[in-house]
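The structure appears below as structure tokens.
Take a look at the structure:
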């Protein structure tokens with residue numbers, strides 16, 4: 458297993474504007490790369506680490522053991538961050554970090570079914586206790602539903618052909634493994650698409666993973682709850698890895714930055730909606746060429762940072 462390298466680490470630490478006595482949340486703990494560096498910078502402060510993957514929690518317990526006096530780990534979904542902080546008797550946090558990517562260890566664990574490069578049971582659950590799996594999606598969802606998620610979540614231009622091929626294949630026998638699914642996806646695509654640099658199954662696997670874990674709904678809920686729980690002047694930092702998630706984060710910050718939602722021809726504001734965030738930088742923060750060379754996973758990463766006002 459390769460060593461875990463946290464993406465955009467220095468940019469995140471700078472963006473969070475860390476204070477040694479502050480309260481911070483890492484809502485996507487993963488293998489605790491970001492969390493470790495945050496914990497090192499705290500003295501009387503506190504770090505709350507959250508992850509829906511129990512394997513990540515166990516690994517983080519070991520990695521963060523030296524800082525157990527200032528770290529609390531929670532097995533949970535970041536969409537429930539408001540409830541989690543309330544349970545911990547924390548009213549406001551000084552900063553929150555969310556990395557929306559799938560962690561490298563999850564991809565490397567073939568049995569998790571996230572990777573199109575290894576044959577494994579179709580799973581893709583970030584939380585192994587969740588009911589819905591990739592096998593359920595692929596074998597029971599209707600053709601139109603499959604087409605929609607492939608197109609909307611994966612931005613897959615061959616979504617209609619792939620959805621049709623999946624439905625046809627499962628009529629003969631259930632689709633049980635990632636290898637079977639990859640073969641079906643390839644069979645539905647023209648030769649020109651198979652010769653592209655990107656793996657032909659990448660977009661479809663992304664779409665199915667997002668659907669299985671309701672990732673977009675979770676991000677919407679997280680952003681709403683995070684803003685409510687940030688202290689004035691607190692920072693929100695979100696790393697995304699594909700355009701769909703980045704657009705969602707960008708628009709969510711923009712809405713909260715603009716404030717009033719009344720039609721422009723209204724003489725006075727009647728909505729009562731006031732600005733709650735200020736973008737720290739107008740454009741997404743991207744990894745340097747050196748970071749990409751050291752960690753190719755960082756290539757598609759984008760960081761957006763906003764401050765509570």
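In the working numbering, the protein residues as written are 458 to 766.
Every residue, glycine too, gets a C-beta built ideally from N, C-alpha and C.
{"Asked": "Quick one, which of 512, 679 and 560 has its alpha-carbon nearest residue 463's?", "Found": "560"}
{"Asked": "In whole angstroms, what is the alpha-carbon distance linking residue 570 and residue 723?", "Found": "52 Å"}
{"Asked": "Three or more C-beta pairs closer than 8 Å, one from the stretch 601-616 and one from the stretch 643-662: is that the case here?", "Found": "yes"}
{"Asked": "Figure out for me which residue from 686, 532, 623 and 709 has the closest Cα to the Cα of residue 597.", "Found": "623"}
{"Asked": "Quick one: what's residue 552 bridged to in DSSP?", "Found": "481 and 692"}
{"Asked": "If you drop the 5 nearest sequence neighbours on each side, which residues of the same chain put their C-beta closer than 7 Å to that of residue 493?", "Found": "520 and 521"}
{"Asked": "Can you give me the start and stop residues for the alpha helix (DSSP H) that residue 603 sits inside?", "Found": "600-609"}
{"Asked": "Once DSSP output is grouped into helix, strand and coil, what is the label at residue 508?", "Found": "strand"}
{"Asked": "Taking residue 642 as the reference, give the member of 535, 630 and 595 with the closest Cα.", "Found": "595"}
{"Asked": "Rounded to whole angstroms, what's the CA-CA distance from residue 632 to residue 625? Just pull it up for me.", "Found": "11 Å"}
{"Asked": "When you compare the stretch 545-560 with the stretch 682-697, are there three or more beta-carbon pairs, one atom per stretch, that lie closer than 8 Å?", "Found": "yes"}
{"Asked": "Could you tell me which uninterrupted alpha helix (DSSP H) segments, each at least 4 residues in length, are contained entirely in the stretch 718-751, listed from first to last along the chain?", "Found": "746-751"}
{"Asked": "Report all residues from its chain with a CB closer than 7 Å to the CB of residue 617; omit the five preceding and five following residues, and keep chain order.", "Found": "604"}
{"Asked": "Under 8 Å: do the stretch 666-682 and the stretch 704-719 share three or more Cβ pairs, one atom per stretch?", "Found": "yes"}
{"Asked": "Just confirm the distance between the C-beta atoms of residue 484 and residue 696, as a whole number of angstroms; I'd bet it's less than 8 Å.", "Found": "At roughly 11 Å, the Cβ-Cβ gap does not stay under 8 Å, so residue 484 and residue 696 are not in contact."}
{"Asked": "Take every Cβ of the stretch 524-536, pair it with every Cβ of the stretch 493-506, and state whether three or more of those distances are shorter than 8 Å.", "Found": "yes"}
{"Asked": "For residue 466, collect the residues of the same chain with a Cβ closer than 8 Å to its Cβ; drop the 5 residues on either side in sequence, then sort them by chain order.", "Found": "490, 491 and 494"}
{"Asked": "CA-CA distance, residue 578 and residue 703?", "Found": "29 Å"}
{"Asked": "Contact defined as beta carbons within less than 8 Å: I believe residue 676 pairs with residue 582. What is the distance between those atoms, to the nearest angstrom?", "Found": "Actually they are not in contact, since the Cβ atoms of residue 676 and residue 582 sit about 17 Å apart, beyond 8 Å."}
{"Asked": "Near residue 592, what residues of its chain come up, given a Cβ to Cβ distance below 6 Å and the 5 sequence neighbours on each side ignored?", "Found": "579"}
{"Asked": "Between 480, 630, 461 and 501, which lies nearest to residue 516 when the distance is taken from Cα to Cα?", "Found": "461"}
{"Asked": "What would DSSP say about residue 474, mapped onto helix, strand or coil?", "Found": "coil"}
{"Asked": "Ignoring anything shorter than 4 residues or poking outside the stretch 625-687, list the alpha helix (DSSP H) runs there in chain order.", "Found": "635-645, 648-651, 659-670 and 672-686"}
{"Asked": "Report buried or exposed for residue 654, applying the criterion of at least 16 other Cβ atoms within 10 angstroms of its Cβ.", "Found": "exposed"}
{"Asked": "Can you give the Cα-Cα distance for residue 473 and residue 513, rounded to whole angstroms?", "Found": "23 Å"}
{"Asked": "Look at the Cβ atom of residue 734, then the Cβ atom of residue 763, and state whether they are nearer than 8 Å.", "Found": "yes"}
{"Asked": "Which same chain residues end up closer than 6 Å to residue 479 when comparing Cβ atoms and leaving out the 5 residues on each side of it in sequence?", "Found": "502 and 551"}
{"Asked": "Leaving out five residues before and five after residue 568 in sequence, what residues of the same chain have Cβ atoms less than 6 Å from its Cβ?", "Found": "577"}
{"Asked": "Going by beta carbon distance, what residues of the same chain come within less than 8 Å of residue 486, once the five residues before and after it are set aside?", "Found": "492, 506, 507, 508, 513, 514, 517 and 530"}
{"Asked": "Measuring only the C-alpha atoms, how far is residue 566 from residue 481?", "Found": "29 Å"}
{"Asked": "What residues in its chain sit with their C-beta under 7 Å from that of residue 634, if we drop five residues either side in the sequence?", "Found": "576, 577, 578 and 579"}
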